[in-house]
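For reference, the structure is listed below as structure tokens.
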Amino acid sequence: MCFKNLPVEFDSEGRPYLRDDVRDPYGTERSPDLNGGSISTLSRDQIEDLLARNGHIQQKNFDPVTRVAGALAFHSVVDLEERKVLESRSVATLFRGYEIIMMGRDPRDAIYITSRACGVCGGTHSGTAALATEMAIGIRPPPMGIVLRNMLSVLEYLLDLPLHLFMLAGPDFSENIIRKTNPEVWERATRTEAPHANVHGYGTMGELMTDMNALTGSLYLEALGMTRVAKEAYALIGGKFPHPQTMVPGGVSATVSISTMQEVYLRLQQFFDYAKKCAAIYDDICDFFYEVNPRYRDVGRTPANLIDLGVWDDPEAYDATYENCNEWGEKRWATPGVIVDGRLVTTKLQNINLGMEEFIDHSFYEEWEGQTFKTDPLGAPLSPYHPWNKETKPRPQAPNWREKYTWSTSPRWDRMPMDAECTARMWTTAAAQLMPENPYIEPTGHSLKLLLPAGRLPEMELEWKIPDVWNAFERNRGRAYCVAYTALVGLNTWHQGMELMKAGRTDVSAEYKVPKGQRLGVGFWGAGRGYVSHHMMLDDGVVTNYQIITPSTINASPRDPWGTPGMYEIAALNTPILENSPADKFQGIDIQRSIRSFDPCMPCTTHIHTDQGIVTREVNTCACGADD
Amino acid sequence: MTIHAPAGLGAPPDRVQAPEEGRRRVPEGPVKVVHAFWMAGMSCDGCSIAATGATNPKVEDLLAGIIPGLPKVVLHHPVLAEEVGEDFIHPFKLAEEGKLDAPYVCIYEGSIADERIAAEHGGYFSAMGMQAMEDSDEEEGGTPFSTAERMGRMAPGAAAVIAIGTCATWGGIPAAAGNPTGAMSLMDFLGKDYRSALGLPVINIPGCAPIGDNFTETVAAILLFLQGIGPLPEFDELGRPAWLFEETVHRGCTRAGYYEEGIFAENFGDKECLVEVGCWGPVVNCNIVSRGAQSHMGGCMAAGGPCIGCTMPGFPDKFAPFYTAPPGSAVSSTASRTLGFGIRRLRALSNHDRNREVRWDAVAGGEVPSGWGEIEKPGLLDKTMHFFYEKLQFSGNKRKPGRDDSRKYFADMPPRAEGMQAPRDADETAERG
Numbered sequence: 001m002c003f004k005n006l007p008v009e010f011d012s013e014g015r016p017y018l019r020d021d022v023r024d025p026y027g028t029e030r031s032p033d034l035n036g037g038s039i040s041t042l043s044r045d046q047i048e049d050l051l052a053r054n055g056h057i058q059q060k061n062f063d064p065v066t067r068v069a070g071a072l073a074f075h076s077v078v079d080l081e082e083r084k085v086l087e088s089r090s091v092a093t094l095f096r097g098y099e100i101i102m103m104g105r106d107p108r109d110a111i112y113i114t115s116r117a118c119g120v121c122g123g124t125h126s127g128t129a130a131l132a133t134e135m136a137i138g139i140r141p142p143p144m145g146i147v148l149r150n151m152l153s154v155l156e157y158l159l160d161l162p163l164h165l166f167m168l169a170g171p172d173f174s175e176n177i178i179r180k181t182n183p184e185v186w187e188r189a190t191r192t193e194a195p196h197a198n199v200h201g202y203g204t205m206g207e208l209m210t211d212m213n214a215l216t217g218s219l220y221l222e223a224l225g226m227t228r229v230a231k232e233a234y235a236l237i238g239g240k241f242p243h244p245q246t247m248v249p250g251g252v253s254a255t256v257s258i259s260t261m262q263e264v265y266l267r268l269q270q271f272f273d274y275a276k277k278c279a280a281i282y283d284d285i286c287d288f289f290y291e292v293n294p295r296y297r298d299v300g301r302t303p304a305n306l307i308d309l310g311v312w313d314d315p316e317a318y319d320a321t322y323e324n325c326n327e328w329g330e331k332r333w334a335t336p337g338v339i340v341d342g343r344l345v346t347t348k349l350q351n352i353n354l355g356m357e358e359f360i361d362h363s364f365y366e367e368w369e370g371q372t373f374k375t376d377p378l379g380a381p382l383s384p385y386h387p388w389n390k391e392t393k394p395r396p397q398a399p400n401w402r403e404k405y406t407w408s409t410s411p412r413w414d415r416m417p418m419d420a421e422c423t424a425r426m427w428t429t430a431a432a433q434l435m436p437e438n439p440y441i442e443p444t445g446h447s448l449k450l451l452l453p454a455g456r457l458p459e460m461e462l463e464w465k466i467p468d469v470w471n472a473f474e475r476n477r478g479r480a481y482c483v484a485y486t487a488l489v490g491l492n493t494w495h496q497g498m499e500l501m502k503a504g505r506t507d508v509s510a511e512y513k514v515p516k517g518q519r520l521g522v523g524f525w526g527a528g529r530g531y532v533s534h535h536m537m538l539d540d541g542v543v544t545n546y547q548i549i550t551p552s553t554i555n556a557s558p559r560d561p562w563g564t565p566g567m568y569e570i571a572a573l574n575t576p577i578l579e580n581s582p583a584d585k586f587q588g589i590d591i592q593r594s595i596r597s598f599d600p601c602m603p604c605t606t607h608i609h610t611d612q613g614i615v616t617r618e619v620n621t622c623a624c625g626a627d628d
Numbered sequence: 001m002t003i004h005a006p007a008g009l010g011a012p013p014d015r016v017q018a019p020e021e022g023r024r025r026v027p028e029g030p031v032k033v034v035h036a037f038w039m040a041g042m043s044c045d046g047c048s049i050a051a052t053g054a055t056n057p058k059v060e061d062l063l064a065g066i067i068p069g070l071p072k073v074v075l076h077h078p079v080l081a082e083e084v085g086e087d088f089i090h091p092f093k094l095a096e097e098g099k100l101d102a103p104y105v106c107i108y109e110g111s112i113a114d115e116r117i118a119a120e121h122g123g124y125f126s127a128m129g130m131q132a133m134e135d136s137d138e139e140e141g142g143t144p145f146s147t148a149e150r151m152g153r154m155a156p157g158a159a160a161v162i163a164i165g166t167c168a169t170w171g172g173i174p175a176a177a178g179n180p181t182g183a184m185s186l187m188d189f190l191g192k193d194y195r196s197a198l199g200l201p202v203i204n205i206p207g208c209a210p211i212g213d214n215f216t217e218t219v220a221a222i223l224l225f226l227q228g229i230g231p232l233p234e235f236d237e238l239g240r241p242a243w244l245f246e247e248t249v250h251r252g253c254t255r256a257g258y259y260e261e262g263i264f265a266e267n268f269g270d271k272e273c274l275v276e277v278g279c280w281g282p283v284v285n286c287n288i289v290s291r292g293a294q295s296h297m298g299g300c301m302a303a304g305g306p307c308i309g310c311t312m313p314g315f316p317d318k319f320a321p322f323y324t325a326p327p328g329s330a331v332s333s334t335a336s337r338t339l340g341f342g343i344r345r346l347r348a349l350s351n352h353d354r355n356r357e358v359r360w361d362a363v364a365g366g367e368v369p370s371g372w373g374e375i376e377k378p379g380l381l382d383k384t385m386h387f388f389y390e391k392l393q394f395s396g397n398k399r400k401p402g403r404d405d406s407r408k409y410f411a412d413m414p415p416r417a418e419g420m421q422a423p424r425d426a427d428e429t430a431e432r433g
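Chains as they are written, first to last, in this note's numbering: chain A, 1 to 628; chain B, 1 to 433.
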């Protein structure tokens, strides 16, 4: 059924089992079938040979990539004559050891400790840790606790999305950058009318791009203001941001009154008009670039392999059990799912969990011994590389492109590289049509219809359509529409909260005791930028293994055991060099756009470090090694 | 009246003109431009996110130089900076070499790994990956160059070095028990003898994440002092801004009154004092409840979150396991329960009395004309207590409690018409008579 590469099949009742005719079922000798999405890469020897023989082939390092949360080092080899990328390597350069710090601790520490994995999506980590803890120790939060958690996630994404759209990725489409990299595009922008002027207020694309300038543009400053609005509402429930203080096992500890509900509502409401504006701006940007040069459709292009765990639980359905995860998962406001080559292959959380493996062949870790769990708690087969079996054994060592070069690992689903995205949750939700009935959001199978209430701008129905090409522009467009999607989930959530208040069902947490014996838990959730899971193992009330997978670990991953690159690497390899600046001023803007479109959030990847260097250094390399 | 504004704004020339030469202006101070170099070690970037939330002042207003008296701040930040590449790195080098044309401060976020551990294996925990590879032959690896090293070089020339967030101030979560990286704080890394160009040790603004306003306010306070406008900002023995961190968070807590009366939350979500569900507020230096987390909103205990001491050098291990009552609370909360039991009852009596208009007792015979519910008249015990209470309250005071007959101010006023509020007037006359 949903697996092509893992030898897992399903019986007549849909229960997964391991095929018994495969010797060494999880061996890594066979190369996986990548569904036509295979990526040809040159070997390191070929690259070094090319570099030695051709002056126009250059190593281009982005060290670190700027305007991403945290920082990311990216290495590429670019052929400036053929205008293409020959090699790309994504490097996470910081290790903090959160998974190791969790070992031997009380499980109740997980929420506050792992929150600190990321300073942008800390709330997501604390919430995901709460879900893992609840499953491991068996607590079902009351409905109001679930509704408030949902609201916290909504508010966190409403901070994250404007941050990405206008402060991190946005400047890539600003006058300041485009004038430098593509003067001809800027010239055309100044005389192109912006189709959605009636929504965003900009007459021409040039005027729009001027206001996208970093630090000075009014769209940049407005986004900064909107992140504060979201933070205010977040702090009213969470106490503070980015590491909330009210997330507890079994719910939340927030004291919520009518004041809280109204203060939150009046901040959420500000995003309805803003959402219309974000979608209008990014529609105009994407369509303008496609029109200027259709090859922009190849910038950051990857196979449409997307994965999401869904998010925003049904307060009456979520029971924190693994046994029922398929049922409560499908009742989320965002449907869990995996898209392979543009097609939805599963919406079951158990299948998504079974297909996940984490490889460390090119990462600064040592292999672990043995396999603790042959099956999941329902008896379905687990890979020895599954997070419940993985152990974190750091081994700092000299980086080497042929062997190990990053602190990030290589998570794969069904042995394929995946794109973890906030757009993934719109895609799976649109395609699956399982979303609970509600007045504002309607999945159609090929699109999501988003009905935004009237504010200063009139009522509008936006429609995000599943794109026919998956590239940097569509990632950004998806994020822009995700503002509307998220705000409308917030509206639904707020109404749920008010209904519970009317009914007097205001308990926000459940009591619990930490049980003895071996217990497994997993939190399936998502950050503003997508997929987050925490896998936990307890023995007599003590954490004996803790594994975190984040969207940027998935996207920033290095090559896997079969040499298939991670998604950033694939996106860069497919990117044509459309930049039109002199060779000595080459910025690599197209590569930068392709990587930034993923909204990289390196803090939780391994913990990358931001150095002084927003350095875009160009290195001419000779065959005998590197010098700069 | 002449409106002074820069010329060229398109307003009529007779109304808007450039100020005359030598005209008195808002005091500006000697510093026109300050560079701020933001570096991050083993961080989650949460401090950067917190700083962008600040409103007192806002980061973008500091950068724009639009606040009179405050110099324009040129921020060199990996996420916010406009420059890239060599343009960006150049000022760091100038500062390091002492060639920058303006004073600078360094801000450090995140803790610092003990790279000696990683170096034993030829690797690094926290470094610029590419640099590590290019410093020597690719297959051999190279020397990691960390922000901490950069910091070490820039620190002596900096006007001030500010550690932001609990990782940089005290090591934080990366330095928690069991950590493999030997993580430490900036003051541990720079050592006891470190002084900035102005003679200051490391300034510490803790919190995980810190309140954005605590950071920008401290920066602004230092700048205003340097301009000769503001008072000398005081720092405590650990380098924290004293006016922000001298009090325990409990003293400013919206729930501290519950503690005083011995009422404690039993479940998460309850509105009372959180000590018994794991709050360490009474022993933690922090101002998040009185200041709010964002734009004066939120704050851990205000929202219902028990304090886990995230501003403290002992965080996290001295506050774990979380969600359990601090052992010390067994003594202190028992004491406050005992004392609070009595105080609470006495207060309830006074509160009950003060929920009554004077007129209701003086004129209406104790009856409350509320349509919302039946309110009991004060009993004999209440009346006796309040008789003595009022004696105490007004002893030595000319004004006596009670209510005079308003009509006495109007000597020629005819007696009230029969029927209109007659029963109550009768009461009043009777009582006052």
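Using N, Cα and C, we set each Cβ at its ideal position, and we do this for glycine too.
In this text the structure is predicted, and so the values were computed from the model without any measurement.
Secondary structure of residue 193 of chain A (DSSP, three-state): strand. Listed along chain A is no residue with a C-beta nearer than 7 Å to that of residue 248 of chain B; the closest approach is about 16 Å. The beta-carbon distance between residue 115 of chain B and residue 48 of chain B, rounded to whole angstroms, is 23 Å. This is too long to meet the 8 Å contact definition. With a threshold of 8 Å between beta carbons, residue 333 of chain B makes no contact with chain A.
Pairing residue 268 of chain B with residue 262 of chain A, the inter-Cα distance amounts to about 21 Å. In the pairwise beta carbon analysis, the segment 377 to 384 of chain A is classified as touching the segment 351 to 361 of chain A: at least three pairs are separated by under 8 Å. In the DSSP assignment, residue 534 of chain A falls within the beta strand (DSSP E) that extends over 530 to 539. In the DSSP annotation of this structure, the continuous segment of the alpha helix (DSSP H) that includes residue 119 of chain B starts and ends at 115 to 119.
Look at residue 235 of chain A: its C-beta is under 8 Å from a C-beta on chain B. Contact with chain B is found for residue 117 of chain A, since one of that chain's Cβ atoms lies less than 8 Å from the residue's Cβ. Under DSSP, residue 441 of chain A forms a beta bridge with A:450. Taking a C-beta cut-off of 7 Å against chain B, the contacting residues of the segment 200 to 226 of chain A are 214, 215, 221 and 224, listed in chain order.
Put simply, the CB of residue 88 of chain A is far from chain B, with every gap to its CB atoms at 8 Å or more. With the criterion set as a beta carbon lying under 7 Å from some beta carbon of chain A, the members of the segment 311 to 339 of chain B are 316, 320, 321, 322 and 323, in sequence order.
If the five residues before and after residue 460 of chain A are omitted, its C-beta is found closer than 6 Å to the C-beta atoms of 276 and 452, all from its own chain and listed in chain order. Of all C-beta pairs linking the segment 237 to 245 of chain A to the segment 204 to 213 of chain B, three or more are shorter than 8 Å, placing the two stretches in contact. Just measuring C-alpha positions, the residue of A:110, A:574 and A:209 sitting nearest residue 174 of chain A is A:209.
For residue 234 of chain A, the number of other beta carbons within 10 angstroms of its own is at least 16, and it is reported as buried. A contact is defined here as three or more CB-CB pairs under 8 Å, and the segment 148 to 156 of chain B fails this definition with respect to the segment 115 to 129 of chain A. For residue 261 of chain B, no chain A residue has a Cβ inside 7 Å of its Cβ, as the nearest lies near 17 Å away. In this structure, DSSP gives residue 352 of chain B a helical state, which the three-state scheme calls helix. Proximity of chain B to residue 338 of chain A at the Cβ level (cut-off 7 Å) is not reached, the minimal Cβ distance being about 29 Å. When DSSP states are grouped into helix, strand and coil, residue 158 of chain B belongs to the coil group.
Excluding its 5 nearest sequence neighbours in each direction, residue 308 of chain B has C-beta neighbours in its own chain below 6 Å: 319 and 322, listed in chain order.
Taking all protein chains in view, the Cβ of residue 357 of chain A is crowded by 16 or more other Cβ atoms within 10 Å, so the residue is classified as buried. One alpha carbon belongs to residue 373 of chain A, the other to residue 388 of chain A, and they sit about 7 Å apart. For residue 551 of chain A, the enclosing alpha helix (DSSP H) stretches over residues 551 to 555. The beta carbon of residue 447 of chain A sits closer than 7 Å to those of 430, 463, 464, 465 and 466, all from its chain and outside the five residues before and after it, given in chain order. For residue 422 of chain A, the uninterrupted alpha helix (DSSP H) run begins and ends at 422 to 432, by DSSP. What residue 241 of chain A touches in chain B, judged by beta-carbon distance under 9 Å, is 46, 49, 50, 53, 209, 293, 294 and 298, going in chain order. Judged by DSSP in its simplified three-state form, residue 318 of chain A adopts coil rather than helix or strand. About 30 Å separates the CB atoms of residue 167 of chain A and residue 131 of chain A; that is not less than 8 Å, and the two are not in contact. By the rule that beta-carbons nearer than 8 Å mark a contact, residue 125 of chain B touches chain A.
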